[in-house]
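Under the UniProt record's numbering, the first residue of the sequence shown is numbered 1, with each subsequent residue one higher.
Where a beta carbon is used, it is the ideal one built from N, C-alpha and C, also for glycine.
Keep in mind that this is a model prediction, so the values were computed, not measured.
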Amino acid sequence: MSILNQFSLKGKIALITGASYGIGFAIASAYADAGAVICFNDINQELVDKGLKAYKELGIEAHGYVCDVTNEEQVLKMIAAIDKEAGVIDILVNNAGIIKRIPMCEMTADQFRQVIDVDLNAPFIVSKAVIPGMIKKGHGKIINICSMMSELGRETVSAYAAAKGGLKMLTKNIASEYGEFNIQCNGIGPGYIATPQTAPLRELQADGSRHPFDQFIIAKTPAARWGTTEDLEGPAVFLASDASNFVNGHVLYVDGGILAYIGKQPQ
Numbered sequence: 001m002s003i004l005n006q007f008s009l010k011g012k013i014a015l016i017t018g019a020s021y022g023i024g025f026a027i028a029s030a031y032a033d034a035g036a037v038i039c040f041n042d043i044n045q046e047l048v049d050k051g052l053k054a055y056k057e058l059g060i061e062a063h064g065y066v067c068d069v070t071n072e073e074q075v076l077k078m079i080a081a082i083d084k085e086a087g088v089i090d091i092l093v094n095n096a097g098i099i100k101r102i103p104m105c106e107m108t109a110d111q112f113r114q115v116i117d118v119d120l121n122a123p124f125i126v127s128k129a130v131i132p133g134m135i136k137k138g139h140g141k142i143i144n145i146c147s148m149m150s151e152l153g154r155e156t157v158s159a160y161a162a163a164k165g166g167l168k169m170l171t172k173n174i175a176s177e178y179g180e181f182n183i184q185c186n187g188i189g190p191g192y193i194a195t196p197q198t199a200p201l202r203e204l205q206a207d208g209s210r211h212p213f214d215q216f217i218i219a220k221t222p223a224a225r226w227g228t229t230e231d232l233e234g235p236a237v238f239l240a241s242d243a244s245n246f247v248n249g250h251v252l253y254v255d256g257g258i259l260a261y262i263g264k265q266p267q
């Protein structure tokens with residue numbers, strides 16, 4: 001097999017959760033470009049329709065499903081529908097997630113549980129639903145979208161950091177438990193990515209200066225820029241392809257070097 005062929009996803013069935021827009025959409029689009037059949041879900045029909053339209057504009061014929069990935073019954077129905085309409089899943093990307101930026105002592109237990117449910121319990125539920133099919137097929141790739149907060153703490157994100165830290169360990173455990181069935185489970189830990197959701201943090205101030213958070217990120221990142229969704233596409237294709245068949249239980253941080261950097265010494 002040539003080296004480029006190792007990165008081909010031709011004919012592979014890929015499910016990317018929460019992929020109507022943003023990081024999930026970028027990864028799914030890259031998978032389609034590499035030859036995969038794209039399946040995705042979102043929480044309501046409006047978002048699914050938005051995603052289907054966006055994929056169609058790129059010439060991608062995607063399969064979209066309304067599914068709450070925290071609901072095991074809904075997930076099982078979605079997987080059964082994908083099996084029937086597209087085929088048994090080869091690649092799963094657990095991308096769906098939420099964040100609530102609230103100081104810990106001001107956060108309710110219900111708010112904390114909601115973040116854990118979407119960001120940690122849902123990847124468990126969806127992975128559990130697809131692994132039996134992967135075992136029967138003789139191979140499978142699971143990619144969990146982790147975070148720098150899988151390694152770091154920061155004010156106002158206690159629930160998110162706890163969930164993403166747990167997701168890192170779930171990644172390692174799936175790899176340990178199902179590696180013998182030729183299933184590889186790895187994670188991607190994005191740094192600060194320029195998306196519509198982070199646009200307000202990158203807008204210029206009235207005086208023409210950068211937003212304080214934008215300045216903070218640029219100073220903390222050796223690459224001296226925000227990441228883009230395109231920066232995540234290559235790593236995501238690698239972890240879904242035959243090129244990563246002996247890579248298992250790792251989180252690949254795509255963060256411009258933040259986790260390696262202590263910061264500049266004061267002058």
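Where P103 sits in the DSSP three-state scheme: coil
Burial state of A30, where buried means 16 or more other Cβ atoms lie within 10 Å: buried
Length of the line joining the Cα atoms of I23 and G97: 11 Å
Best match in M148, L120, V75 for proximity to L259 [C-alpha to C-alpha]: M148
Nonlocal neighbours in the same chain, by C-beta distance under 6 Å from residue 268, ignoring five residues either side: Examination of residue 268 is not possible in this model, given that the chain is present from 1 through 267 alone.
Residue burial classification, T108 (beta-carbon count within 10 angstroms, cutoff 16): exposed
Cβ neighbour criterion (16 or more within 10 Å) applied to K128: exposed
For A36, the three-state DSSP class (helix, strand or coil): coil
Start and end residues, alpha helix (DSSP H) containing G189: Counting along the chain, G189 falls outside any alpha helix (DSSP H), though it belongs to the beta strand (DSSP E) covering 183 to 190.
Nearest-angstrom Cα separation, counted from I135 out to A19: 25 Å
Assigned exposure category for M1 - 16 Cβ within 10 Å defines buried: exposed
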